[in-house]
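Have a look at the structure below, then the notes.
Protein chains: 2
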Amino acid sequence: MIIEDDQSINQLIYDALTKHDFICTQAYSGTEGLMCLSVKSFDLILLDLMLPGMSGDKVAEKIKEKEDTPIIIVSAKDELDEKVELLNSCADDYITKPFQIKELIARIQVQLRHKSGAAQGKLITYNGLSINKETYTASVDGQELVLTRQEFKILELLMSYPARVFSKQDIYEYAWDDFYIGEDKTINVHISNIRKKLEKLTDREYIETVWGIGFKAK
Amino acid sequence: MIIEDDQSINQLIYDALTKHDFICTQAYSGTEGLMCLSVKSFDLILLDLMLPGMSGDKVAEKIKEKEDTPIIIVSAKDELDEKVELLNSCADDYITKPFQIKELIARIQVQLRHKSGAAQGKLITYNGLSINKETYTASVDGQELVLTRQEFKILELLMSYPARVFSKQDIYEYAWDDFYIGEDKTINVHISNIRKKLEKLTDREYIETVWGIGFKAK
DNA sequence: AAAAAGTGTAAAGAAAAGTTAAAGAAAACG
DNA sequence: CGTTTTCTTTAACTTTTCTTTACACTTTTT
Chain A
3 MIIEDDQSIN
13 QLIYDALTKH
23 DFICTQAYSG
33 TEGLMCLSVK
43 SFDLILLDLM
53 LPGMSGDKVA
63 EKIKEKEDTP
73 IIIVSAKDEL
83 DEKVELLNSC
93 ADDYITKPFQ
103 IKELIARIQV
113 QLRHKSGAAQ
123 GKLITYNGLS
133 INKETYTASV
143 DGQELVLTRQ
153 EFKILELLMS
163 YPARVFSKQD
173 IYEYAWDDFY
183 IGEDKTINVH
193 ISNIRKKLEK
203 LTDREYIETV
213 WGIGFKAK
Chain B
3 MIIEDDQSIN
13 QLIYDALTKH
23 DFICTQAYSG
33 TEGLMCLSVK
43 SFDLILLDLM
53 LPGMSGDKVA
63 EKIKEKEDTP
73 IIIVSAKDEL
83 DEKVELLNSC
93 ADDYITKPFQ
103 IKELIARIQV
113 QLRHKSGAAQ
123 GKLITYNGLS
133 INKETYTASV
143 DGQELVLTRQ
153 EFKILELLMS
163 YPARVFSKQD
173 IYEYAWDDFY
183 IGEDKTINVH
193 ISNIRKKLEK
203 LTDREYIETV
213 WGIGFKAK
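Residue numbers (my numbering), protein chains in the order written: chain A, 3 to 220; chain B, 3 to 220.
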């Protein structure tokens, strides 16, 4: 999420990041940003310090009260003092205007890496694929991914520990909430169906087969 | 709700109105204002024309699409042309900066009187469908929606967290205040009846089935 | 290199879940 | 206490989802 009151700067950042496959939400004030945050989670927040209404530092504080989303402060050079103080409390990094998009993306990626693996709340996001346990919806790169209940549960399990391998038994017992009784192609079929649905929306492969063991998200 | 991007003006209006016992919400952009509106309803909206992001007239249009909340345009003198046009479509009144607080309050009270019956607080509104927990009445696009108690409670639950999926168990335990004992078509029948009633008043679908999981408001 | 074990997927049939009208039961009303 | 309204149950039907099957394919083991 980009929180920046200057419309043209906001749009500039939005365009640049979108071009690099980030999915962004634009907010034009601190309170708007906080409201967005109450509706859904974000992987990272870019926060301008000079905002109408609630000031940037107050916003950062509020955000961190709620959830530990990485915050990168975007500020003008002359706000340095305030910045330093913020870094010691709420913010995770800062960048001064004007900046190179390259640098911004690098800093974003550092923060995202930090945060990965920390499955939080009702929203699991991994590699552009996100799953919302509250609304039972899923999406890839912003496009809606329609899943049936079993498909959803399987993907939910795999995504909650990416790279970890789950046996068919693990999967069965999680998604069916029942004992697993040996050989059964059911899971293979569901995996296949999930892959087919994902294929239509992205080139990236999300489910990997681990021969003789099971499956994992990647 | 005060929609005004200039912080000091927003605060000025806020302070003045608060002092006169109005309860105000501050928004600093059109999109923020619209977001507030999707969460709750307001008795009246003060709308600045010059806004970052979405322009004031566009905002007014969007508001009126949703519900008939009185809008008073707050603008600079030189935006007169646009203002006149707005008055013919979306806005209910206008006032030019700089203005006397006295005048503003007078205009507000005119609009509120127009709109009187302003039941506040226990009102949930979402997408033109509103539910009043105090009077146990509901309406769609201004038309009355007559509901029985169970229907009301079900809709109330779904509407209080739009997009969130509620299982039959959730619904049963909320609306019946009792334990849910497995398979039961009762809820389906009520959902069906609610839909049938809504159908008569609107084309829009408000209750969505999430196969195998439950239902949600959309 | 052949055999065995494991996986992928289309298609068909089975099962589960949902919708709705209508009738009977229960509750509320006057 | 009868009438009216609301709620629940039933049942026929529709839709969606799940499982099975069959066969092709891949990897591992012998």
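Every residue gets a Cβ at the ideal spot worked out from N, C-alpha and C, and that includes glycine.
Predicted, not measured: the structure shown is a model, and the values here were computed from it.
Apart from the 5 residues on each side of it in sequence, MET56(A) sits with its Cβ closer than 6 Å to the Cβ of GLY32, THR33 in its chain, given in chain order. By the neighbour-count definition (other C-beta atoms within 10 Å, threshold 16), VAL76(B) is a buried residue. Taken through DSSP and simplified to helix, strand or coil, GLY55(A) comes out as coil. When C-beta distances to chain A are compared with 8 Å, the residues of the region 46-71 of chain B below that value are PRO54, GLY55, in chain order. Contacts between THR150(A) and chain B, judged by CB atoms closer than 8 Å, involve TRP213, GLY214 in chain order. The Cβ atoms of GLU136(A) and LYS155(A) lie no closer than 7 Å to each other.
It is roughly 48 Å from the alpha-carbon of THR204(B) to the alpha-carbon of ASP94(A). Of all residues in the region 17-41 of chain B, those with a C-beta nearer than 8 Å to a C-beta of chain A are GLN28, ALA29, TYR30, SER31, THR33, GLU34, MET37, CYS38, VAL41, reading in chain order. In chain order, HIS192, ASN195, ILE196 place their CB closer than 7 Å to the CB of GLU153(B), counting only its own chain and leaving out the 5 sequence neighbours on each side. Counting C-beta pairs closer than 8 Å gives fewer than three between the region 168-186 of chain A and the region 126-133 of chain A, which falls short of the contact rule. Taking a C-beta distance under 7 Å as the contact criterion, VAL212(B) and TYR138(A) qualify as a contact pair. Residues of the region 133-164 of chain A with a Cβ closer than 7 Å to any Cβ of chain B, in chain order: GLU136, THR137, TYR138, THR150, ARG151. With a cutoff of 7 Å on beta-carbon distance, LEU49(A) and ALA62(A) are scored as near each other.
Setting aside the 5 residues that flank it on each side, GLU146(B) is surrounded in the same chain by THR139, ALA140, each with a C-beta closer than 8 Å to its C-beta; the list follows chain order. DSSP, reduced to helix, strand and coil, places LYS99(B) within a strand of the structure shown. For GLN9(A), at least one C-beta of chain B is nearer than 7 Å to its own C-beta. For VAL167(B), the neighbours in chain A by C-beta distance under 8 Å run, in chain order, GLU136, THR137, TYR138. In the structure shown, the three-state DSSP call for SER10(A) is helix.
Relative to ALA18(A), the option among LYS220(A), GLU207(A), LEU159(A), ILE110(A) whose CA is nearest is ILE110(A). Taking 7 Å as the cut-off, the beta carbon of ILE5(B) is found no closer than this to the beta carbon of TYR16(B). At least 7 Å separates the beta-carbon of THR20(B) from that of CYS38(B). Between PHE101(A) and LEU160(A), the beta carbon gap of about 37 Å keeps them out of contact (Cβ cut-off 8 Å).
Neighbours of LYS170(B) in chain A, taken as residues whose beta carbon is under 7 Å from its own, are absent, since the nearest beta carbon is some 13 Å off. Scanning the region 105-170 of chain B for uninterrupted alpha helix (DSSP H) segments of 4 residues or longer gives 151-162, listed from N- to C-terminal end.
In the three-state DSSP reduction, GLU207(B) falls in the coil class, being neither helix nor strand.
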